[in-house]
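*Asks:*
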Amino acid sequence: MPKPKIGIYWCASCGGCEEAVVDLAEDILGVVEAVDIVFWPVAMDFKKSDVLAMPDGALAATLLNGAIRTSEQEEMAHLLRRKSQYLVAYGACACSGGIPGLANQFSREQILRYVYEEAPTVANGSKTRPQLQSGSDGDALALPEFRRVVRALDQVVDVDYYIPGCPPTPKITQAAIAALLSGKPPPKGSVLAPDFALCAECPRRDTKPADLSFTHFTRPHQVLLDPAKCLLAQGVVCMGPATRAGCEALCPAGNMPCTGCFGPTLRVRDQGAKMLSSLCANIAAKDEAAINRVLDGIPDPVGTFYRYSLPHSLLRRKVDLPDPVGATAP
Amino acid sequence: MHDADWQPRIVAFFCNWCTYTAADLAGVSRMKYAPNVRIIRLMCSGRADPQFILAAFSGGADGVLIGGCHVGDCHYAEGNLKTLRRFQLLKRVLRDLGIDERRLRLEWISAAEGDKVRTVVNEMTEEVRSLGPLGLPRRFAEWDGEMTHLEGLAQTAESQVEEAKPEAAHA
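Chains A and B, in that order, are what the protein sequence lines are.
Numbered according to numbering that gives the first Met the number 0, the first sequence spans residues 0 to 329.
Numbered according to numbering that gives the first Met the number 0, the second sequence spans residues 0 to 170.
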């Protein structure tokens, strides 16, 4: 019997998810024993035309990492959806938008102007910007369109499974691949990680007070953190209570707060709102002025609570950005 | 700008013990107030999960009003204080995400203050009317309009390759 074929593809991502696959180290040999990797542009020499030539559903599964920002990424998402029996959102960006999704606080014009004109490292006197169509010496060049909105994979195509994390850990990845190949796949739409909050597997769990009471918030670079005590008890915003377990509390174990990359558990729709709710309930102050002094310790609430999930949040994006519908600059 | 027949749509979360009872009182007292609020009764204003408020906005509300017991009078001791704290931080988040903070209002209204329900609802309706529609469902549809044609494009590219009859693909 031929081995199942799988594809690995990236969109708007940093490459960390590809690295996570490589981080399987010698265990990747076990994976390659069970499957054929037939499309993985980062690591192996396959082209889009190879995928186009496959019959629909030829791939048992595609692990797609990265958010969707350009027209090319959208097109590849549609193509791989059609060619794959299971399309898997791999990593925080594909699952919920991830770090690139924070760009949903800015308009396309703001982003392009900064990147091509205003960034201190840029020397671009003629203010040249990428064009959808251009040419030189008789050659025509085309670039994909830079969309106005960053999207999670399931906001573009139908997704079968989610493997969360920034990046997913080798353990989570292996368990997920094993589950997909088991012949008894989990229900469609499953997030292939434990469905309880990170605090439950945090090594600092026993030091979490039953009655948290915040008199101030502080950030890791402002204090010397006690490496054994619950970070919330030290006044640091740790996303553990609103974040799915599965990473074995890597960040708290490294004396840094959880930033929420595994996304919420099944029962939560909007991770940021839920964390905001939980933190505020436990602020000690009882009048408006004192409450606001405590809240000043969180200077960037959107970037803190929605670090990996803004495109997937209920509001999705800053809602009043000035980008005219129908404008088609790159 | 917007439809001439647009009316502000306000979702109100009222606590069972004070503000909802006050709204009842306004009713039995035959007070008239703007018909623009859709009241949802919760046992405590502290049950107004910020997710509910964001869901109201993303589902088409132009404003959200939360009503609870006066500080010190909460049936559950401090549920309304939790609401006050969440409200303060949620306003900051809404501002950063481009929603005018006047679209979210928190009021303490005791069971005896039917008249205050009338005043607050009327005031907020007029304030939201002057802000105009928030219209998030329409905006979401506009944002997603930029990608509707793509699946067709991918299909076209594929049929072109098939016409070109490529050599055997990778096994």
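Idealized CB from N, CA, C, for every residue including glycine.
So, does the stretch 24-44 of chain B touch the stretch 113-124 of chain B, judging by three or more C-beta pairs under 8 Å?
*Replies:* Cβ pair count under 8 Å is three or more, so yes.
*Asks:* Where A:I7 and A:L79 are concerned, what is the direct C-alpha to C-alpha distance, given to the nearest angstrom?
*Replies:* Numbered from its first residue, the first sequence carries residue 7 of chain A at position 8. Numbered from its first residue, the first sequence carries residue 79 of chain A at position 80. Rounded to whole angstroms, A:I7 to A:L79 spans 10 Å at the Cα level.
*Asks:* Answer with yes or no whether the minimum CB distance from B:E31 to chain A is below 8 Å.
*Replies:* Reading the second sequence from its first residue, position 32 is the one you call residue 31 of chain B. At residue 31 of chain B the sequence reads Lys, which differs from the Glu that was named. Closer than 8 Å: no.
*Asks:* Can you look up B:A140 in the DSSP assignment and give me helix, strand or coil?
*Replies:* Here residue 140 of chain B corresponds to residue number 141 of the second sequence, with the count starting at 1. Note: B:A140 maps to helix in three-state DSSP.
*Asks:* Against chain B, with Cβ distances strictly below 8 Å, would A:L224 count as a contact?
*Replies:* As a position in the first sequence, residue 224 of chain A is number 225, starting the count at 1. Cβ-Cβ to chain B under 8 Å: no for A:L224.
*Asks:* Identify whether A:N64 lies in helix, strand or coil by the three-state DSSP scheme.
*Replies:* If you number the first sequence from 1, residue 64 of chain A lands on position 65. In this structure, A:N64 counts as strand in the three-state DSSP scheme.
*Asks:* Round the Cβ separation of A:V236 and A:I297 to the nearest angstrom and send it over; I've been treating them as touching at under 8 Å.
*Replies:* Position 237 of the first sequence, counted from the start, is the residue given in the question as residue 236 of chain A. Position 298 of the first sequence, counted from the start, is the residue given in the question as residue 297 of chain A. Correct: roughly 6 Å between the Cβ atoms.
*Asks:* Against chain B, with Cβ distances strictly below 8 Å, would A:L313 count as a contact?
*Replies:* Position 314 of the first sequence, counting from 1, holds the residue named residue 313 of chain A. Answer yes: the Cβ-Cβ gap between A:L313 and chain B drops below 8 Å somewhere.
*Asks:* For B:A11, which residues of its own chain have a beta-carbon under 6 Å away from its beta-carbon, when the five flanking residues on both sides are left out?
*Replies:* Taking the second sequence and counting its residues from 1, one reaches residue 11 of chain B at position 12. V36, I38, L64, listed in sequence order.
*Asks:* To the nearest angstrom, report how far apart B:A3 and B:G134 are at their CA atoms.
*Replies:* Numbered from its first residue, the second sequence carries residue 3 of chain B at position 4. Numbered from its first residue, the second sequence carries residue 134 of chain B at position 135. Looking at the two C-alpha atoms, the distance is approximately 14 Å.
*Asks:* Could you check whether the Cβ of B:P136 sits closer than 8 Å to any Cβ belonging to chain A?
*Replies:* For the purposes of this step, residue 136 of chain B is taken as residue 137 along the second sequence, with counting starting at 1. It does not: the Cβ of B:P136 has no partner Cβ on chain A nearer than 8 Å.
*Asks:* I want to see whether chain A comes within less than 8 Å of B:R91, judged by CB atoms only; does it?
*Replies:* One-based indexing of the second sequence puts residue 91 of chain B at position 92. Yes, contact with chain A.
*Asks:* Is it true that the CB of A:A60 sits closer than 8 Å to the CB of A:S83?
*Replies:* By 1-based counting over the first sequence, the position of residue 83 of chain A is 84. By 1-based counting over the first sequence, the position of residue 60 of chain A is 61. It is a contact, given that the beta carbons lie within the stated cut-off.
*Asks:* Count the other C-beta atoms from every protein chain shown that fall within 10 angstroms of the C-beta of A:Y113, then say buried if there are 16 or more, exposed otherwise.
*Replies:* Residue 113 of chain A sits at position 114 when you count from the first residue of the first sequence. Looking at its Cβ environment, which holds fewer than 16 other Cβ atoms inside 10 Å, A:Y113 is exposed.
*Asks:* Under 9 Å between beta-carbons, which chain A residues line up against B:G131? List them in chain order, please.
*Replies:* Numbered from its first residue, the second sequence carries residue 131 of chain B at position 132. What B:G131 touches in chain A: nothing, since even the nearest Cβ is about 11 Å away.
*Asks:* Return the CA-CA distance between B:E112 and A:E287, expressed in angstroms with no decimal places.
*Replies:* Counted from its first residue, the second sequence places residue 112 of chain B at position 113. Counted from its first residue, the first sequence places residue 287 of chain A at position 288. Each residue's Cα considered, the two are about 23 Å apart.
*Asks:* Would you say A:P3 faces chain B, with C-beta separation under 8 Å as the test?
*Replies:* Stepping through the first sequence from its first residue, residue 3 of chain A is reached at position 4. Chain B, which has no Cβ nearer than 8 Å to the Cβ of A:P3, makes this no.
*Asks:* Between the beta-carbon of A:S189 and the beta-carbon of A:Y160, is there less than 8 Å?
*Replies:* For the purposes of this step, residue 189 of chain A is taken as the residue at position 190 of the first sequence. For the purposes of this step, residue 160 of chain A is taken as the residue at position 161 of the first sequence. Yes; because the gap between Cβ atoms is below 8 Å, this pair is in contact.
*Asks:* Output, in chain order, the set of chain B residues within a Cβ distance shorter than 9 Å of A:D153.
*Replies:* Taking the first sequence and counting its residues from 1, one reaches residue 153 of chain A at position 154. Near A:D153 there are no residues of chain B at all, since even the closest Cβ is about 13 Å away, more than 9 Å.
*Asks:* Along the chain, where does the alpha helix (DSSP H) containing B:R117 start, and where does it finish?
*Replies:* Against the second sequence, residue 117 of chain B aligns to sequence position 118. Segment 113-130, the alpha helix (DSSP H) holding B:R117.
*Asks:* Kindly say whether B:G97, judged by its beta-carbon, lies nearer than 8 Å to any beta-carbon of chain A.
*Replies:* For this step, residue 97 of chain B is matched to residue 98 along the second sequence. B:G97 counts as touching chain A.
*Asks:* Since B:A140 meets chain A, which of its residues come closer than 9 Å, beta carbon to beta carbon?
*Replies:* Here residue 140 of chain B corresponds to residue number 141 of the second sequence, with the count starting at 1. Residues of chain A passing the Cβ test: none, with the nearest at roughly 10 Å.
*Asks:* Return the Cβ separation of A:A192 and A:P185 in integer angstroms, given the expectation that the two are a contact with Cβ distance under 8 Å.
*Replies:* Position 193 of the first sequence, counting from 1, holds the residue named residue 192 of chain A. Position 186 of the first sequence, counting from 1, holds the residue named residue 185 of chain A. Rounded, the Cβ-Cβ distance is 11 Å, inconsistent with contact.
*Asks:* Are any of the Cβ atoms in chain B nearer than 8 Å to that of A:P300?
*Replies:* Sequence index remark: in the first sequence, residue 300 of chain A carries index 301 (1-based). With 8 Å as the cut-off, A:P300 counts as an interface residue toward chain B.
*Asks:* In chain A, what lies closer than 7 Å to B:A21 by C-beta?
*Replies:* To locate residue 21 of chain B, count along the second sequence from 1; it is residue 22. Under the 7 Å cutoff, chain A gives no residues; its nearest Cβ is about 22 Å from B:A21.
*Asks:* Rounded to the nearest angstrom, how far is the Cβ of A:M274 from that of A:A241, given a contact under 8 Å?
*Replies:* Within the first sequence, the letter at position 275 stands for residue 274 of chain A. Within the first sequence, the letter at position 242 stands for residue 241 of chain A. Rounded, the Cβ-Cβ distance is 4 Å, consistent with contact.
*Asks:* My output table needs one value for A:A241: the three-state DSSP class, helix, strand or coil.
*Replies:* Residue 241 of chain A sits at position 242 when you count from the first residue of the first sequence. Looking at A:A241 - three-state DSSP - the assignment turns out to be helix.
*Asks:* Could you tell me whether any Cβ in chain B is nearer than 8 Å to the Cβ of A:L320?
*Replies:* Residue numbering aside, residue 320 of chain A sits at position 321 when the first sequence is read from its first letter. Output row for A:L320: interface = yes.
*Asks:* What are the residues in the stretch 266-281 of chain A lying within 8 Å of chain B by C-beta distance?
*Replies:* Residues V267, R268, D269, G271, A272, K273, L275, S276, L278, C279, A280.
*Asks:* Going by Cα to Cα distance, which pick from B:N15, B:A140, B:E145, B:F139 is closest to B:D72?
*Replies:* Numbered from 1 along the second sequence, position 73 holds the residue referred to as residue 72 of chain B. Nearest option by C-alpha distance: B:N15.
*Asks:* Can you list the residues of chain B that A:I290 reaches, using a CB-CB cut of under 8 Å?
*Replies:* Position 291 of the first sequence, counted from the first residue, corresponds to residue 290 of chain A. L83, R84, Q87, listed in chain order.
*Asks:* Could you tell me the alpha carbon to alpha carbon distance between A:D205 and A:A227, rounded to whole angstroms?
*Replies:* Here residue 205 of chain A refers to the residue found at position 206 of the first sequence. Here residue 227 of chain A refers to the residue found at position 228 of the first sequence. So the two alpha carbons sit approximately 10 Å from each other.
*Asks:* Output the boundary residues of the beta strand (DSSP E) element that contains A:A141.
*Replies:* What you label residue 141 of chain A is simply residue 142 of the first sequence in a count that begins at 1. Per DSSP, A:A141 belongs to the beta strand (DSSP E) from 138-141.
*Asks:* Taking its Cβ as the centre, do 16 or more other Cβ atoms sit within 10 Å of A:S312, making it buried, or is it exposed?
*Replies:* The count along the first sequence starts at 1 and reaches residue 312 of chain A at position 313. It counts as buried.
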